[in-house]
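A.B. asks: The numbering used here runs 16 ahead of the 1-based position in the sequence shown.
Okay, here's the structure, questions in a sec.
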Amino acid sequence: MEELIVGVDVGGTQIRAVLADRKRTMLRRVNTLTPAHEGAQQVTSRIIDCIEQVLQGIERKQVLGVGVATAGAVNPRTGIVAKASNIRGFENWPLRDLLVQGLQLPVYVGNDANLAALAEHRFGAGQGVDFLIYLTISTGIGAGVIENGKLLLGANGWAAELGHVIVDPHGSRCNCGNIGCLQALASGPAIARHAIELLQEGKPSLLRARFEGDPTRITAKEVVEAAQQGDVLALEVMQRAAFYLGIGMISFIHAFDPEMIIVGGGVSKAGELLFAPVRALIAERAIAASQRSVRIVPAALGDDVGLIGAIALVLAETGTA
Ligand SMILES: [Zn+2]
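Here is the structure:
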């Protein structure tokens with residue numbers, strides 16, 4: 017009987033693979049760098065290598081399936097990656113079929129943020145909550161929407177790109193080409209950029225010494241730390257990020273009517289600095305009473321969330337969970 021599952025997380029920097037049992041106990045783990053500039057064929061070969069490594073000495077018949085969480089816009093129904101901005105050549109790339117050919121195993125693929133949402137729903141902060149939104153705020157802003165216990169995919173698998181919802185049409189340019197996407201105003205790089213702008217204006221801040229040494233050393237992490245120490249400039253930056261995040265969430269609440277919004281990713285470590293103003297804004301502006309008190313909670317699963325999502329996908333697709 018098939019007792020083992022392979023979970024893979026393909027990012028712009030790293031490929032991570034694990035071998036797990038049905039209880040999600042991780043038995044083996046392999047990490048390697050993504051050859052993101054060498055093209056799609058190389059990346060695909062590297063993914064297959066990682067999977068072969070975690071499967072060493074394991075018979076194929078013991079494996080229930082392989083789940084792959086990948087960066088980029090991917091259609092889980094066709095297994096084709098339409099586009100991934102951080103992996104060269106992942107353009108209309110038939111990732112799933114190539115992995116099936118290379119591995120001779122059933123393979124299921126999904127967008128990494130979508131599968132993180134599935135993971136939090138099945139095993140994390142959203143257990144038992146059938147209508148939820150998951151947002152991950154780091155270099156970009158990714159999302160997944162769980163509707164009646166299932167991932168909302170849209171016609172082509174592109175649904176729930178909430179980081180590209182426009183929250184200020186006069187705002188900053190996003191790397192998708194549009195102006196004023198939530199990602200361009202509340203992601204880690206957006207927070208760092210805003211802090212640098214204010215520092216360039218000469219405002220006093222705990223960040224000044226670091227900034228004058230080398231402006232590129234100002235990242236969202238330093239801004240959050242300074243804000244937690246009461247730094248006025250850093251607090252102003254975090255306030256603006258929280259404002260846009262709140263504006264975005266009000267629209268998401270009106271669109272999807274969730275019971276809960278789960279927030280993960282590096283920037284979410286700012287905690288109440290972000291959560292408190294976001295909750296206040298939602299309480300003030302959401303239309304229905306039930307929506308004004310929607311639960312906004314931190315993610316529970318940490319750095320392995322993509323891997324756990326890939327495993328959850330295999331369990332869901334094979335009807336074993
Ligand atoms: Zn965008």
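The C-beta atom is built at its ideal place from N, Cα and C for all residues, glycine as well.
Just to be sure I understand the criterion: a residue counts if its Cβ is closer than 5 angstroms to at least one heavy atom of ligand 1. Which residues meet that?
C.D. replies: Counting every residue whose Cβ lies closer than 5 angstroms to a heavy atom of ligand 1, we get His-180, Cys-190, Cys-192, Asn-194 and Cys-197.
A.B. asks: Got a sec? Which residues, its chain only, sit under 7 angstroms from Leu-119 by beta carbon, not counting five neighbours each side?
C.D. replies: For this step, residue 119 is matched to residue 103 along the sequence shown. If we look at Leu-119 and ignore the five residues flanking it on each side, its Cβ neighbours are Ile-64, Ile-67 and Val-82.
A.B. asks: In chain order, which beta strand (DSSP E) runs of at least 3 residues are fully inside the region 199–265?
C.D. replies: Taking only runs of at least 3 residues, no beta strand (DSSP E) segment lies wholly in the region 199–265.
A.B. asks: Pull up the distance between the alpha-carbon of Gly-95 and that of Gly-281, whole angstroms please.
C.D. replies: Here residue 95 refers to the residue found at position 79 when the sequence shown is read from its first residue. Here residue 281 refers to the residue found at position 265 when the sequence shown is read from its first residue. Distance between the alpha carbons of Gly-95 and Gly-281 is about 25 angstroms.
A.B. asks: Out of curiosity, what's the CA-to-CA distance linking Gly-264 and Arg-209?
C.D. replies: One-based indexing of the sequence shown puts residue 264 at position 248. One-based indexing of the sequence shown puts residue 209 at position 193. About 20 angstroms.
A.B. asks: If you scan the region 135–172 from start to end, which runs of the beta strand (DSSP E) of 3 or more residues do you find wholly inside it?
C.D. replies: Complete beta strand (DSSP E) runs here, min 3: 148–153 and 157–163.
A.B. asks: Sorted by chain position, which residues of the same chain lie with C-beta nearer than 6 angstroms to Met-254's C-beta, five sequence neighbours on each side aside?
C.D. replies: Within the sequence shown, residue 254 is the residue found at index 238, counting from 1. Taken in chain order, the residues that qualify are Ala-243 and Leu-289.
A.B. asks: In angstroms, rounded to a whole number, what distance separates the CA positions of Asn-172 and Gly-144?
C.D. replies: Here residue 172 is taken as the residue at index 156 of the sequence shown, counted from 1. Here residue 144 is taken as the residue at index 128 of the sequence shown, counted from 1. Roughly 27 angstroms between the two C-alpha positions.
A.B. asks: Cα-Cα, which of Ile-162, Gly-73, Ser-154 and Asn-164 is closest to Gly-179?
C.D. replies: One-based indexing of the sequence shown puts residue 179 at position 163. Here the closest residue by C-alpha is Ser-154.
A.B. asks: Cβ of Phe-259 within 8 angstroms of Cβ of Leu-297?
C.D. replies: For the purposes of this step, residue 259 is identified with residue 243 of the sequence shown, where counting begins at 1. For the purposes of this step, residue 297 is identified with residue 281 of the sequence shown, where counting begins at 1. In contact: Phe-259 and Leu-297 (Cβ atoms closer than 8 angstroms).
A.B. asks: Would you give the residue range spanned by the beta strand (DSSP E) that Ala-33 belongs to?
C.D. replies: The residue given as residue 33 occupies position 17 in the sequence shown. Taken as a continuous stretch (DSSP letters only), the beta strand (DSSP E) holding Ala-33 covers 30–37.
A.B. asks: Take the Cβ of Ala-36 as the centre, count every other Cβ of all protein chains shown within 10 Å, and call the residue buried at 16 or more, exposed below.
C.D. replies: In the sequence shown, counting from the first residue as 1, residue 36 sits at position 20. Buried.
A.B. asks: If you follow the beta strand (DSSP E) that Glu-107 is in, where does it begin and where does it stop?
C.D. replies: One-based indexing of the sequence shown puts residue 107 at position 91. 107–109 is the span of the beta strand (DSSP E), which, as asked, contains Glu-107.
A.B. asks: Starting from Ala-296, follow the alpha helix (DSSP H) in both directions and report where the run begins and ends.
C.D. replies: The count along the sequence shown starts at 1 and reaches residue 296 at position 280. It spans 288–301 - the alpha helix (DSSP H) in which Ala-296 sits, taken as one unbroken run.
A.B. asks: For Val-79 and Gln-72, I'd like the C-alpha separation in whole angstroms.
C.D. replies: As a first step, residue 79 must be located in the sequence shown, where it is residue number 63. As a first step, residue 72 must be located in the sequence shown, where it is residue number 56. Going by the C-alpha atoms only, they are around 12 angstroms apart.
A.B. asks: What's the call for Thr-50, buried or exposed, on a 16-neighbour Cβ count within 10 Å?
C.D. replies: The residue you call residue 50 lines up with position 34 of the sequence shown. Buried is the call here.
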